[in-house]
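Position 62, counted from 1, in the sequence shown is what the working numbering calls 1523; the numbers after and before it change by one each time, with no gaps. Glycine is no exception: its CB is placed at the ideal position from the N, C-alpha and C atoms. Quick caveat, the model's predicted, so the values are computed rather than measured.
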Amino acid sequence: MSPEPEPPLASLRLRIAQATPPDVGHAARAPVRLLAVSKLQPASAVAALAAQGQTAFGENYVQEAMAKRAELAALGLEWHLIGPLQSNKCRDAAATFDWVQSVDRTKLVGLLARHRPAGAAPLNVLLQVNVEGEASKAGCAPEAVDALAAAVAAEPALRLRGLMAIPVPHADVEQRRPAFRAMRALFERLRARYADVDTLSMGMSDDFAVAIEEGATMVRVGTALFGARG
């Protein structure tokens, strides 16, 4: 009898660990965090992964996340917004998410800070960077990172944690490496200035290994966990 196949979550965690190199000249790198991208997945699928020990989930749509968070409140999960954020959704986003990874303009900074509920922990913020200057993609320009970071850091209701990016999806994942490398350079510069900066979110199901090699501290994976959406 052939052995039972390894569950996708366990297999993915092993692949992430295998892709994580030690930092040359330093102690071993901290484990890379896995964000399970659960957009368009039912709450039951999220609960199944949570039962296996996965705690952080990424959503693209505020309304969908609000419903899942309410249904799964007893599980104490950590919710990340990874999709573009519209100004008119900031009130709900500030109350629903633990992290917002898609902050790319100062208007969002003010709105999220204003609407973060009193008494809640500061909202963790990543700045989304359009690292390759794609006209159709959200994200601030690399040269805008410093000013945007300062705006976030000035808000007591927000906590600047780092950067997020989605490179051009070249068929050859090696062609994405320069973008990942550029993001690492931006991240290291930011980390030198702000004590709380510790997260570089980049890499998805098909390229997370390359992203980790280039310095990602968090990868966002959906397909490899849940399968392709129909």
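Compare the Cα-Cα distances from residue i to each of the options and report the closest residue.
i     : options                       : result
A1531 : R1654, G1514 and P1503        : P1503
A1535 : V1523, A1512 and A1554        : A1512
N1585 : V1564, R1552 and N1591        : V1564
A1556 : A1582, G1688, P1603 and P1545 : A1582
L1624 : P1603, L1473 and P1639        : P1603
G1664 : K1500, L1647, G1683 and R1654 : G1683
P1578 : S1597, G1537, C1551 and L1621 : C1551
S1666 : P1545, L1686 and Y1655        : L1686
L1656 : V1592, R1642, A1610 and S1499 : Sequence check: residue 1656 is Ala here, not Leu. Among V1592, R1642, A1610 and S1499, the Cα nearest to that of A1656 is on A1610.
R1681 : A1497, R1474 and L1473        : A1497
I1673 : S1472, R1474 and P1482        : P1482
V1606 : S1597, F1648, H1576 and R1642 : F1648
Can you tell me whether residue i is helix, strand or coil according to DSSP?
i     : result
A1672 : helix
Q1589 : strand
V1613 : helix
V1606 : helix
L1573 : helix
F1558 : coil
R1638 : helix
V1493 : coil
L1510 : helix
A1517 : strand
L1475 : helix
L1470 : helix
L1546 : coil
T1684 : helix
L1584 : strand
L1647 : helix
R1620 : strand
H1487 : Residue placement at H1487 is flagged as unreliable, the pLDDT there being 46, under the threshold of 50; the coordinate-derived value follows with that caveat. Coil at H1487, not helix or strand.
A1689 : coil
Between residue i and the rest of its own chain, which residues show a CB-CB distance below 7 Å, the 5 nearest in sequence each way excluded?
i     : result
A1574 : E1616, A1618 and L1619
R1494 : A1517, T1678 and M1679
K1568 : S1548
P1469 : A1685 and L1686
Y1522 : K1500 and G1544
D1668 : V1634 and R1637
Strictly by DSSP, which residues pair up with residue i?
i     : result
S1662 : M1625 and M1679
L1536 : DSSP lists no partner for L1536.
R1566 : Paired residue(s): none; R1566 is not in a bridge.
C1601 : V1590
H1631 : Partner(s): none; H1631 has no beta bridge.
V1498 : G1519
Take residue i and list the residues in its own chain whose beta-carbon comes closer than 6 Å to its own, dropping the five residues that flank it on each side.
i     : result
H1631 : R1637
E1593 : V1629 and A1640
A1670 : A1480
A1626 : V1590, V1592, M1644 and M1663
Is the closest heavy atom of the ligand MG to the C-beta of residue i under 7 Å?
i     : result
E1539 : Annotation note on the ligand MG: not contained in the displayed structure, which lists no ligands.
Taking 8 Å as the CB-CB limit, is residue i close to chain B?
i     : result
R1530 : No chain B is present in this structure, which holds just one protein chain.
Throw me the rounded Cβ distance for the residue i and residue j pair, which I believe falls under 8 Å.
i     : j     : result
A1554 : L1542 : 6 Å
Q1524 : Q1562 : Incorrect: roughly 18 Å between the Cβ atoms, too far for contact.
R1645 : L1661 : 7 Å
V1613 : V1658 : No, V1613 and V1658 are not in contact; Cβ-Cβ is about 10 Å, not under 8 Å.
A1508 : L1473 : Not confirmed; about 18 Å, so no contact.
By Cβ distance below 8 Å, which residues in the same chain neighbour residue i in space, the five residues on each side in sequence not counted?
i     : result
A1599 : P1545, S1563, D1565, Q1589 and N1591
R1622 : W1560, N1585, V1586, L1587, D1657, V1658, D1659 and T1660
A1608 : T1567
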